[in-house]
Amino acid sequence: MFQARSIALTTLFVLMVGFGTTGWTYDANLAGSYAELFAPAQGAQAGKGLNCIKPEAFVNMIKRGEPVATIDIRTPAEANVFSTALPEDLSIPLNELFLPANLERIPTDRTVVVICKSGIRAAAAGTALRHIGFDRVFILEGGFKALIDYLDPVVANSPPTEPLPKN
1 MFQARSIALT TLFVLMVGFG TTGWTYDANL AGSYAELFAP AQGAQAGKGL NCIKPEAFVN
61 MIKRGEPVAT IDIRTPAEAN VFSTALPEDL SIPLNELFLP ANLERIPTDR TVVVICKSGI
121 RAAAAGTALR HIGFDRVFIL EGGFKALIDY LDPVVANSPP TEPLPKN
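In UniProt numbering, the protein residues as written are 1 to 167.
What follows is the structure, encoded as structure tokens:
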């Protein structure tokens, strides 16, 4: 019994020391590119640096007739319940978004807003899309949940509000 325990403890020690001294490595080039991507995300402008857009701004873009496309990255089951109804809507589940055929479907001549249920998946997808070169991609802050909370019949039928002045 003592010998088995001694062997087990020795093996465990060797494994711990062995893995601890070999060191964990990471892709320094990829980390550097992420550092550059996230550099604007600081202070009060962190949301803008991440290209987040509030539901109000998204709705006003549509009301003003600005060219905008959406990518609904929810699962097909989620998208079958409700979705947006804009001419340039795409429904591409997150797990299929980065397939070459789907990347080719994403317009580059207009603002693209990535939408999911709550904004978490959209944040990951939007960040990754910008990282690979789609620079007009925005994330709907709070996803469909926030859009539903914001958009009611009064808001939907009111004229667009003027964009906020840039400081």
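For each residue, glycine too, the CB sits at the ideal point set by N, CA and C. Here the structure is a predicted model, which is why all the values come from computation and not from measurement.
Starting from T70 and walking both ways along the beta strand (DSSP E), at which residues does that stretch end?
68 to 72 is the extent of the beta strand (DSSP E) around T70.
Output the boundary residues of the beta strand (DSSP E) element that contains L90.
Note, L90: beta strand (DSSP E), 89 to 91.
Using 7 Å as the cut-off, classify the Cβ of R74 as near or not near the heavy atoms of the ligand COA, replying yes or no.
Absence of the ligand COA is noted for the structure shown, with no ligands found whatsoever.
Using 8 Å as the Cβ pair cut-off and three pairs as the minimum, do the stretch 126 to 144 and the stretch 100 to 113 touch?
Verdict: yes, contact present.
Restricting to Cα atoms, I'd like to know which of T108, V59, P107, A146 is closest to I120.
Among T108, V59, P107, A146, the Cα nearest to that of I120 is on A146.
I want to know whether the stretch 32 to 43 touches the stretch 80 to 99 - three or more CB-CB distances under 8 Å.
Judged by Cβ distances under 8 Å, the stretch 32 to 43 makes no contact with the stretch 80 to 99, as fewer than three pairs qualify.
Find out if the Cβ-Cβ distance for the pair L50, T108 is shorter than 8 Å.
Cβ atoms of L50 and T108: not closer than 8 Å.
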